[in-house]
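The block underneath contains the structure these notes are about, expressed in structure tokens.
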Amino acid sequence: MATHRFSHHLLSLFLAILCVFSTTIQAASASSSGRATTILKPTELVDGVCNKTSNYSFCVESLYADPRTPRADSYGLAFVVFGMSYLNATGTRDLIAELSKKAKRGGQHDQPLLTRLQRCGKDYEKAVSALEMAYNDLNSETFFELAEMAGVASTSAEDCQAGFEKSHHSPPLSLSARNHELRGLCEICVVVSKLFTGGT
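So, in structure tokens, the structure goes:
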């Protein structure tokens, strides 16, 4: 129990630091036109990782949203991308809760949307739990389940999106965008994870 509380404290501390970095980046974005940073040349590590993903540009832009990336080794890069994925998942879980409240106020008319959102909420609980486990494994330098946990989180986002398509209801655009982003981030997580395990 004490170990769990200590791990949770470390996760909270890391996320607080990440939020500070995110705030700094957002402020820089607000003070310039377009993106805050023009990425002239990714590091060899970032280039190698992103070349193994399905969307090179998304990968590079996502990783360089964190100021630690230019100097990060593989371990540091893992902290960056798993932290981003965790923040996405928890933020999306909160978004789903807000969308569900609005759907409840809509009454019977919004019942199909509410039902789908509630299922998405369960999907994202799985995603958050998996990414917490991945972060704790990373923190203890236990790397062999990182890719699997990233896969669970990615599947959760995919299930949320697919559920709307099966029910013939379009998901809110904000939720659809977050589902897509988490899947992209988790793909990066899987590639970075294989730097430690030697997978391809």
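If you use mature numbering (1 follows the signal peptide of the UniProt record, and there is no 0), the sequence shown corresponds to residues -30 to -1, 1 to 170, in order.
Heads up, the beta-carbon is just placed ideally off N, CA and C, and yes, glycines get one too.
Contiguous alpha helix (DSSP H) elements confined to the stretch 100 to 132 do not occur, taking only those with 4 or more residues. Excluding the 5 residues flanking it on each side, N25 has same chain C-beta neighbours closer than 7 Å at G154, in chain order. DSSP places R38 in the coil class of the three-state scheme, outside both helix and strand.
Our two residues, Y105 and L33, have alpha carbons roughly 17 Å apart in a direct line. Excluding five sequence positions before and after D80, the CB atoms of its chain that fall closer than 7 Å to its own CB belong to A73, given in chain order. Taking a contact as a CB-CB distance under 8 Å, the pair H139 and L65 does not count as one, their CB atoms being some 17 Å apart. Shortest Cα-Cα distance from E157 to any of M119, D107, A67 involves M119. Boundaries for K22: no alpha helix (DSSP H) harbours it, and the DSSP string shows neither H nor E there. Of the residues G18, S70, G77, the one whose Cα lies closest to the Cα of C90 is S70. With respect to the 8 Å criterion, L15 and L47 are classified as neighbours on the basis of their beta carbons.
Going by beta carbons, D36 and V50 fall inside the 8 Å limit. Under the three-state reduction of DSSP, G168 is assigned to coil, being neither helix nor strand.
When the Cα atoms are used, E151 and N58 turn out to be separated by approximately 8 Å. When S163, F166, A123 are compared, the shortest CA-CA separation from Y94 is found for A123. By the criterion of a C-beta distance shorter than 6 Å, L101 is surrounded in its chain by S55, Y56, A59, A123, once the five residues flanking it on both sides are discounted.
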